[in-house]
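Here the structure is laid out as structure tokens; the discussion comes afterwards.
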Amino acid sequence: MQRCLIPDKEYDALHYTEDILGDNFQKRILTLDDDYEGAVTATLVRRISDCYSDENLDPSVQKAVLYVHGFNDYFFQKEAAFKFNEKGYNFYGLDLRKCGRSHQSHQKFNDIRDLRTYHEEILEALQIIYIEGNEDVILAGHSMGGLVLTLFAKDYTDDDLFDGLILNSPFFNFNTVLTKKTLISAASMAGRYFPNLEVNPVFSEEYGKSIYKDNRGEWDYNLEWKKHTPPKVRLGWVRAIYQGQKEIQERFDIKQPVLIMCAGESLIDLEQRDKIHHTDIVLDVHDISVISKNIRGDVDFVPIDGGIHDLVLSKENVRKKVYSTMFGWLLKYDFL
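Sequential numbering from 1 applies to the sequence shown in the UniProt record's numbering.
Quick look at the structure:
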């Protein structure tokens, strides 16, 4: 049975072109409905699996993972794609509208007024994934992408659109003290009336510097698309995030299995340089743990000791634990 059909949409395999990542990564542009800034697109990047590291894998079953990035971010995590390819998964990374590859000159980076607006590109990406012959699809989201996919899974849990959900440090709450949380609530309210008013985001440049190869990290990526100091955000964006987070403060159902991972520890005092490479300095992992309990269903919560905010960018020994956890979970639910 064909899943996720969108009427009046035509798809052509020739729409793929070589992606900036090289190594057999390809991309295609998704044309979306215009919004308050004008023309809108998203970008779907794929790498098809052509090798099987496990002789027990069944190549007759096409499997795919659809990955959604976080705030001030885009898909560049090639190693994650390679690891899924080795397990027989076709890997798809989605650059959301106004982010990364999808940003256009007339747009404010990262801007959104309602997180459910992203459902348009997620549904279109799923449409393509199924048309290309994939039968089992796992959704995987990091940080803001984790929040977006949690809302998507909540809305579509009764539809036959996906088979499981992996969350990597989902952005379930702002990592701020109580006084600042009050300010965020007020900013969200103001965002209803003044959505274009810009404010500084509550994120430090230290995270970017800790992972970028020319600073203190090991990863190479486009600094225009993933800046060390995130660009100013509009109050409409603050409201979109805050409203999405409020919605998961109450209990809700996701019928598909869910894996939630985060670092074992958060760090507030960034002067403790020796800990920056082994903790989450962006979000509060305690918040993630507590809010994860609001999901009713088959939920596995796994803290990863030594992990950083984006777990697949942690040190190599920690990444091994991350991939072992993910693939062990996939095996548990017969997705391998």
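For every residue, glycine included, the Cβ atom is placed at its ideal position computed from N, Cα and C.
According to the DSSP assignment, residue 165 belongs to the beta strand (DSSP E) that extends over 164-168. Here residue 258 is bridged, per DSSP, to 165, 299. Counting of Cβ neighbours within 10 angstroms places residue 64 among the buried residues, the total reaching 16 or more. Under the DSSP assignment, residue 317 falls in the alpha helix (DSSP H) whose first and last residues are 316-332.
Each of 108, 314, 245, 149 was checked against the Cα of residue 208, and the nearest Cα belongs to 314. Ranked by how close their Cα comes to the Cα of residue 191, the residues 234, 147, 284 have 234 in first place. Excluding residues up to 5 positions away in sequence, 90 lie with their Cβ nearer than 7 angstroms to the Cβ of residue 48 in the same chain. Spatial neighbours of residue 85 in its own chain (CB-CB distance under 8 angstroms, excluding positions within 5 residues in sequence) are listed in chain order as 47, 48, 49, 50, 51, 91. When DSSP states are grouped into helix, strand and coil, residue 282 belongs to the coil group. In the three-state reduction of the DSSP assignment, residue 33 falls in the strand class, which pools E and B. For residue 63, the enclosing beta strand (DSSP E) starts and ends at 63-68.
For the 8 angstroms CB-CB criterion, residue 206 and residue 270 form a contact. Nearest neighbour of residue 259 by Cα position, chosen from 98, 99, 16, 330, turns out to be 330. Shown here, residue 288 sits in a helix according to DSSP, grouped into three states. Contact annotation: the region 295-304 does not touch the region 213-222, with fewer than three C-beta pairs closer than 8 angstroms. Here the alpha carbons of residue 141 and residue 32 stand approximately 21 angstroms from one another. For residue 40, the enclosing beta strand (DSSP E) begins and ends at 38-47. Rounded to the nearest angstrom, the Cβ distance from residue 153 to residue 243 is 17 angstroms, too far for a contact under 8 angstroms. Excluding its 5 nearest sequence neighbours in each direction, residue 275 has C-beta neighbours in its own chain below 7 angstroms: 267, listed in chain order. Cβ neighbours of residue 230 within its own chain (closer than 6 angstroms, five residues either side excluded): 72, 201, 203. Contact between residue 302 and residue 279 is ruled out by a C-beta separation of about 16 angstroms, above the 8 angstroms threshold. If you check the CB distance, residue 175 and residue 290 do not come in under 8 angstroms.
The three-state secondary structure of residue 115, taken from DSSP, is helix. Residue 308 places its beta carbon less than 8 angstroms from that of residue 277. Of the candidates 103, 35, 62, 82, the residue whose Cα lies closest to the Cα of residue 22 is 82. Of the candidates 311, 18, 332, 20, the residue whose Cα lies closest to the Cα of residue 169 is 311. When secondary structure is reduced to three states using DSSP, residue 250 falls in the coil class, being assigned neither helix nor strand. According to DSSP, residue 90 shares a beta bridge with 64.
Annotation for residue 198: 232, 234 place their beta carbon closer than 6 angstroms to its own, counting only its chain and skipping 5 residues before and after.
Here DSSP, grouped into helix, strand and coil, assigns residue 273 to helix. Cβ-Cβ separation between residue 45 and residue 19: approximately 5 angstroms, consistent with a contact (criterion under 8 angstroms).
For residue 187, the closest alpha carbon among the candidates 166, 237, 163, 88 is that of 237.
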